[in-house]
Amino acid sequence: MKKPSDSSTKIIAQNETCQTMSIEDIAKDAGEYYPSKDLQISPYYSFPYWGPLLFQTKLPPKDLKECAKICRKKSSPVNETLAGVIKHEHHVSTKKYTDILSPYLISFRHGYSQWYGIPLTKTIKMTMAWVNFMVAGEFNPPHIHPGCDFSSVLFIKIPEELKEEHKKFSGTGGGPGSLSFTYGEPQLHSLFERHFFPEQADLFIFPATLSHFVTPFMSKGERISVSANFQLD
Ligand SMILES: [Fe+2]
Numbered sequence: 011m012k013k014p015s016d017s018s019t020k021i022i023a024q025n026e027t028c029q030t031m032s033i034e035d036i037a038k039d040a041g042e043y044y045p046s047k048d049l050q051i052s053p054y055y056s057f058p059y060w061g062p063l064l065f066q067t068k069l070p071p072k073d074l075k076e077c078a079k080i081c082r083k084k085s086s087p088v089n090e091t092l093a094g095v096i097k098h099e100h101h102v103s104t105k106k107y108t109d110i111l112s113p114y115l116i117s118f119r120h121g122y123s124q125w126y127g128i129p130l131t132k133t134i135k136m137t138m139a140w141v142n143f144m145v146a147g148e149f150n151p152p153h154i155h156p157g158c159d160f161s162s163v164l165f166i167k168i169p170e171e172l173k174e175e176h177k178k179f180s181g182t183g184g185g186p187g188s189l190s191f192t193y194g195e196p197q198l199h200s201l202f203e204r205h206f207f208p209e210q211a212d213l214f215i216f217p218a219t220l221s222h223f224v225t226p227f228m229s230k231g232e233r234i235s236v237s238a239n240f241q242l243d
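FYI, the numbering used here numbers position 137 of the sequence shown as 147, with every residue one higher than the one before it.
Pasting the structure below:
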């Protein structure tokens with residue numbers, strides 16, 4: 011099965027319609043020939059998606075820099091409460107991180123109402139935040155974040171060597187250093203997993219019970235990400 015391209019990771023609102031292509035264009039895209047004189051049907055269609063909300067956005071350099079400042083190996087370790095096989099996992103101030111992330115939580119709130127068709131009226135309170143300094147051989151097995159509603163991950167740094175390693179990867183799955191989400195059982199003609207090789211400043215927010223994992227890599231350098239949990243009050 012062909013891997014979905016990263017460009018298809020944008021949020022597609024429910025019932026968004028394909029209104030810009032003619033049936034000829036659609037047929038051409040599908041590798042078929044369909045002369046317009048035979049047109050009897052509307053080319054419009056929709057994707058009535060369901061399932062977990064996976065929200066993706068990007069922080070500007072200024073905010074990313076502020077986030078990097080609050081990620082320190084001197085902060086207390088948080089390893090005992092996490093699934094990751096990662097040596098350096100340290101607490102991050104929820105107050106400082108919330109201050110930076112607030113505008114993006116507003117955006118997430120908007121995305122939530124687009125996705126579920128109902129407004130999110132509760133307060134989104136960050137309950138915990140931590141930074142992962144991931145190096146060669148380390149990984150995060152499939153896991154969820156119990157005891158909260160939503161979780162997030164922000165990518166502070168992706169080493170150049172890792173980018174090269176990922177470019178050379180030719181197997182199935184997400185490849186070295188990628189973040190993967192899985193949902194439901196594998197089904198024919200169904201997307202039950204999504205893989206992302208993250209770029210610096212990518213921010214994902216997702217239901218805390220959506221299973222996810224990070225594939226190990228072999229390159230030198232640190233892949234730095236900040237995770238957080240949120241509760242709806
Ligand atoms: Fe996680």
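The C-beta atom is built at its ideal place from N, Cα and C for all residues, glycine as well.
* Does the beta-carbon of S123 have 16 or more other beta-carbons within 10 angstroms, so that it is buried, or is it exposed? -> On the sequence shown, position 113 is the one that residue 123 refers to. Label assigned to S123: exposed.
* **With 16 other Cβ atoms within 10 Å as the buried cut-off, status of F57** => Here residue 57 refers to the residue found at position 47 of the sequence shown. Its Cβ having fewer than 16 others within 10 Å, F57 is exposed.
* In or out: M11 buried (at least 16 other Cβ within 10 Å) or exposed? -> Translated into the one-based positions of the sequence shown, residue 11 becomes position 1. At M11 the pLDDT is 35, less than 50, meaning the model places this residue with poor confidence; the figure from the coordinates comes in the next sentence. Exposed.
* Do you know offhand how far L198's Cα is from S190's? -> Against the sequence shown, residue 198 aligns to sequence position 188. Against the sequence shown, residue 190 aligns to sequence position 180. Looking at the backbone, the Cα of L198 and that of S190 are separated by about 19 Å.
* As assigned by DSSP and simplified to three states, the class of S15 -> In the sequence shown, the residue the question calls residue 15 occupies position 5. Interpretation of S15 is limited by its pLDDT of 39, a score under 50 that renders its predicted location unreliable; no figure is taken from the coordinates.
* By Cβ distance below 6 Å, which residues in the same chain neighbour N239 in space, the five residues on each side in sequence not counted? -> Residue 239 sits at position 229 when you count from the first residue of the sequence shown. The beta carbon of N239 is closer than 6 Å to those of T137, M138, H155, C158, S161 in its chain, skipping five residues each way along the sequence.
* On a CA-only basis, which of K132, K167, H153, P129 is nearest F143? Give me that one, please. => Counted from its first residue, the sequence shown places residue 143 at position 133. Its Cα nearest to that of F143, the residue K167 stands out among K132, K167, H153, P129.
* Asked: Does the count of Cβ pairs from the region 208–218 and the region 89–106 closer than 8 Å reach three?
  -> Three or more beta-carbon pairs separated by less than 8 Å are not found between the region 208–218 and the region 89–106, which leaves the two stretches without contact.
* To do: Taking 8 Å as the threshold, find out whether the region 213–224 comes into contact with the region 57–72 through three or more Cβ pairs.
  => Enough Cβ pairs lie closer than 8 Å, so yes.
* Nonlocal neighbours in the same chain, by C-beta distance under 7 Å from G147, ignoring five residues either side -> Reading the sequence shown from its first residue, position 137 is the one you call residue 147. Answer for G147: P226, listed in chain order.
* Three-state secondary structure (DSSP) of T131 -> Position 121 of the sequence shown, counted from the first residue, corresponds to residue 131. In this structure, T131 counts as coil in the three-state DSSP scheme.
* **Beta-carbon contacts of P194 that lie in its chain and below 8 Å, excluding the five residues immediately before and after** => By one-based count along the sequence shown, residue 194 stands at place 184. Checking the displayed sequence, the identity of residue 194 turns out to be Gly instead of Pro. By the criterion of a C-beta distance shorter than 8 Å, G194 is surrounded in its chain by G61, S200, F202, once the five residues flanking it on both sides are discounted.
* **Cβ of I96 within 7 Å of any chain C Cβ** => The structure shown contains no chain C; it is built from a single protein chain.
* To do: Just tell me which of K106, L242, D35 has its CA closest to the CA of R82.
  => Along the sequence shown, one-based indexing puts residue 82 at 72. For the residues K106, L242, D35, the minimum Cα distance to R82 belongs to K106.
* Would you identify the three-state DSSP class for R204, choosing helix, strand or coil? => Walking along the sequence shown from the start, residue 204 turns up at place 194. R204 falls in the strand class under three-state DSSP.
* **Which listed residue (R119, P152, G94, Y59) has its alpha carbon closest to that of V236** => Within the sequence shown, residue 236 is the residue found at index 226, counting from 1. If we check each option's Cα against that of V236, G94 comes out closest.
* Range covered by the beta strand (DSSP E) that runs through L111 -> For the purposes of this step, residue 111 is taken as residue 101 along the sequence shown, with counting starting at 1. Not the beta strand (DSSP E): L111 falls in the alpha helix (DSSP H), residues 104–126.
* Excluding the five sequence neighbours on either side, which residues of its own chain have a C-beta within less than 7 Å of the C-beta of V145, listed in chain order? -> In the sequence shown, the residue the question calls residue 145 occupies position 135. Sequence-distant Cβ neighbours of V145 in its own chain, meaning closer than 7 Å and more than five residues away, are E232.
* G41 burial status per 10 Å Cβ neighbour count (16 or more: buried) -> Position 31 of the sequence shown holds residue 41. Residue burial annotation: G41 is exposed, with fewer than 16 other C-beta atoms found within 10 angstroms of its C-beta.
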